[in-house]
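In our numbering, the protein residues as written are 436 to 573. Where a beta carbon is used, it is the ideal one built from N, C-alpha and C, also for glycine. Below: the structure, in structure tokens.
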């Protein structure tokens with residue numbers, strides 16, 4: 436019997452994990468865990484989806500941002516899609532207050548170095564109206 440290390444278990448590639456990563460790779464916006472479940476062909480347990488997403492975040496494969504409504508939105512940013520992935524946490528996110536779409540923006544911000552603090556990550560969310568919603572209200 437071959438025992439896998441904790442690190443190997445975190446990064447193993449099951450068919451569901453491959454499907455979730457492929458879904459995020461092709462998504463045009465950040466997705467909630469519920470949206471991911473709805474888009475998967477298989478009936479997959481909600482807890483399983485959350486565990487996978489947590490493992491992917493921990494491994495640096497994807498990132499998340501907490502939206503205005505308190506929900507977590509998961510995405511592969513452009514830098515995450517490069518080979519090898521170069522995940523950058525300090526890019527901006529935008530959430531449309533009309534349609535709710537959350538997306539990664541290409542702009543990054545320089546995170547200041549603060550004395551007596553170590554910054555592990557940032558979550559930068561801009562809230563407003565997206566171009567599509569602005570055009571549909573005119």
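Query	Result
Looking at the ligand MG, does it come within less than 7 Å of residue 451, judged from the CB to the closest heavy atom?	No copy of the ligand MG appears in this structure; indeed no ligand is present at all.
Out of 565, 550 and 470, which has the shortest C-alpha to C-alpha gap to residue 508?	470
Tell me which same chain residues have a C-beta within less than 7 Å of the C-beta of residue 443, skipping the five on either side of it?	Legend: pLDDT at residue 443 = 45, less than 50; position of this residue unreliable, value from coordinates given subsequently. So the list is empty, once near-sequence residues are dropped.
According to DSSP, is residue 471 helix, strand or coil?	helix
Inspect the beta-carbon positions of residue 544 and residue 527 and report whether they are closer than 8 Å.	yes
Quick one: is residue 459 buried, meaning 16 or more other Cβ sit within 10 Å of its Cβ, or exposed?	buried
Just to confirm, are residue 464 and residue 536 a CB contact at a threshold of 8 Å?	yes
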